[in-house]
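Let me begin by presenting the structure, written as structure tokens, before commenting on it.
Protein chains: 2
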Amino acid sequence: ARPRVGYFFTGKTGSELFTEKLKKFKVREYQSLPIVVEEDVSAYDAICAMFLEDVGTLFVTNHKSHLVGVLSRKDLLRASIGSKDLTSIPVHIIMTRMPNITICEPEDLLLDAAQKLIEKQIDGLPVVNPAEDGLEVVGRLTKTNITKALVELARDQHI
Amino acid sequence: ARPRVGYFFTGKTGSELFTEKLKKFKVREYQSLPIVVEEDVSAYDAICAMFLEDVGTLFVTNHKSHLVGVLSRKDLLRASIGSKDLTSIPVHIIMTRMPNITICEPEDLLLDAAQKLIEKQIDGLPVVNPAEDGLEVVGRLTKTNITKALVELARDQHI
Numbered sequence: 051a052r053p054r055v056g057y058f059f060t061g062k063t064g065s066e067l068f069t070e071k072l073k074k075f076k077v078r079e080y081q082s083l084p085i086v087v088e089e090d091v092s093a094y095d096a097i098c099a100m101f102l103e104d105v106g107t108l109f110v111t112n113h114k115s116h117l118v119g120v121l122s123r124k125d126l127l128r129a130s131i132g133s134k135d136l137t138s139i140p141v142h143i144i145m146t147r148m149p150n151i152t153i154c155e156p157e158d159l160l161l162d163a164a165q166k167l168i169e170k171q172i173d174g175l176p177v178v179n180p181a182e183d184g185l186e187v188v189g190r191l192t193k194t195n196i197t198k199a200l201v202e203l204a205r206d207q208h209i
Numbered sequence: 051a052r053p054r055v056g057y058f059f060t061g062k063t064g065s066e067l068f069t070e071k072l073k074k075f076k077v078r079e080y081q082s083l084p085i086v087v088e089e090d091v092s093a094y095d096a097i098c099a100m101f102l103e104d105v106g107t108l109f110v111t112n113h114k115s116h117l118v119g120v121l122s123r124k125d126l127l128r129a130s131i132g133s134k135d136l137t138s139i140p141v142h143i144i145m146t147r148m149p150n151i152t153i154c155e156p157e158d159l160l161l162d163a164a165q166k167l168i169e170k171q172i173d174g175l176p177v178v179n180p181a182e183d184g185l186e187v188v189g190r191l192t193k194t195n196i197t198k199a200l201v202e203l204a205r206d207q208h209i
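Read top to bottom, the protein sequences are chains A and B. Residues in the first sequence are numbered consecutively from 51, following UniProt numbering. Residues in the second sequence are numbered consecutively from 51, following UniProt numbering.
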């Protein structure tokens, strides 16, 4: 007989049901806006952009607006103790550059992106769309986004 | 009649069962080791400690080894563009100081700590034990720890 609870046994445990839900979260649902600088901008101006926009990761693009590098707070801090004049160092000297950049796409699973952040020990991933001859930056995915996702999820479940 | 599945209806949905599990995670199960500097160390030496230990947040203690401040990469980057000589600036000038520091304790819920990280927009929390006349730093909880918790959880569920 069916139990009178509007709830039927599916052969799955509670955790399995949850992880099916978690498994469906996409990067595009949690990503932030990307903050982008051009490759000939100075390290000093990049640091200013980082403070103005209050982000920990900047993406560097070429004249075609395609992704060529990533700048973390760590990269800029390293440059700042290694050099006297940050206004004379262009960011393309100190950035992490293609093909050493770990990327993700809007339709990727949030969990896969989270795993990349942990495995590569990085703060943020550029969210990109492949264009004809390069990568167009459409978002930024950081550990803040992952932490927010977990907090919101828990709140929705009325913990 | 009982279903023959070793599984009984509890009146809870799958998500509720999961969140009960998530609700039990404690800070102490996920925290990292704290990296500590004394308050009269220079900003330059603090930056070096940050790179040597590969962390994004340092905790500052007084001569009694009690917590007096927190230093983020952002604090050090701000100091580095605002000053010519980082070796002459002690960290107590640029740190965030008590009582403006957000803390957590080992037995706190991981979710509560995650919520503090988001609400206060900070990278890491000191994990502290109250001592007789101050706070003893016993750990470091960051968005990396939260992201790792989520990734491990998902992996354990065989996603």
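Every residue gets a Cβ at the ideal spot worked out from N, C-alpha and C, and that includes glycine. Keep in mind it's a predicted model, so treat the numbers as computed, not measured.
Let me check understanding here. Comparing Cα to Cα, which of the options lies closest to residue i?
i	options	result
Asp162/B	Tyr94/B, Thr192/B, Gly119/B	Thr192/B
Leu200/A	Ala164/A, Leu127/A, Ser130/A, Val177/A	Ala164/A
Val178/A	Cys154/A, Asn195/A, Glu169/A, Ile196/A	Cys154/A
Ile172/A	Lys166/B, Asn195/B, Val188/B	Asn195/B
Val86/A	Pro156/A, Pro176/A, Lys73/A	Pro176/A
Gln81/A	Ala204/A, Arg205/A, Arg190/A, Thr197/A	Arg190/A
Pro180/A	Ala96/A, Glu79/A, Pro156/A	Pro156/A
Arg123/B	Ile143/B, Phe101/B, His142/B, His113/B	Phe101/B
His142/A	His113/A, Asp104/A, Val77/A	His113/A
Arg78/B	Val188/B, Leu167/B, Ile151/B, Val105/B	Val188/B
Asp104/B	Arg128/A, Glu88/A, Asp104/A, Glu103/A	Arg128/A
Tell me the DSSP secondary structure of residue i in three-state form.
i	result
Ile209/B	Low per-residue confidence applies at Ile209/B: pLDDT is 41, beneath 50, and the placement is therefore not dependable enough to give any value.
Asn195/B	helix
Leu203/A	helix
Gly189/B	strand
Glu88/A	strand
Lys71/A	helix
Lys134/B	coil
Lys76/A	strand
Taking the CB atoms as reference points, tell me whether residue i and residue j lie closer together than 8 Å.
i	j	result
Thr111/A	Gly174/A	no
Met145/B	Leu121/B	yes
Ser130/B	Ser130/A	yes
Pro149/A	Phe109/A	no
Glu182/B	Ser115/B	no
Leu159/B	Lys71/B	no
Leu126/B	Ala99/B	no
Arg147/A	Gly119/A	yes
residue 47/B	Thr197/A	Here chain B covers residues 51 to 209 and nothing more, so residue 47/B does not appear.
Output the boundary residues of the beta strand (DSSP E) element that contains residue i.
i	result
Lys122/B	The question names Lys, but residue 122/B in the sequence shown is Ser. That run of the beta strand (DSSP E) goes 117–122.
Leu175/B	174–181
Thr107/A	107–111
Can you find a heavy atom of the ligand HEM that lies under 7 Å from the Cβ of residue i?
i	result
Lys134/A	Absence of the ligand HEM from the depicted structure is noted, as is the absence of any ligand whatsoever, leaving it without description.
What residue range does the alpha helix (DSSP H) around residue i cover?
i	result
Phe101/B	93–103
Glu157/A	Where Glu157/A is concerned, there is no enclosing alpha helix (DSSP H), given that its DSSP letter is neither H nor E.
Ile144/A	141–144
On the three-pair Cβ rule with 8 Å, is the stretch 124–140 of chain B touching the stretch 86–98 of chain B?
Enough Cβ pairs lie closer than 8 Å, so yes.
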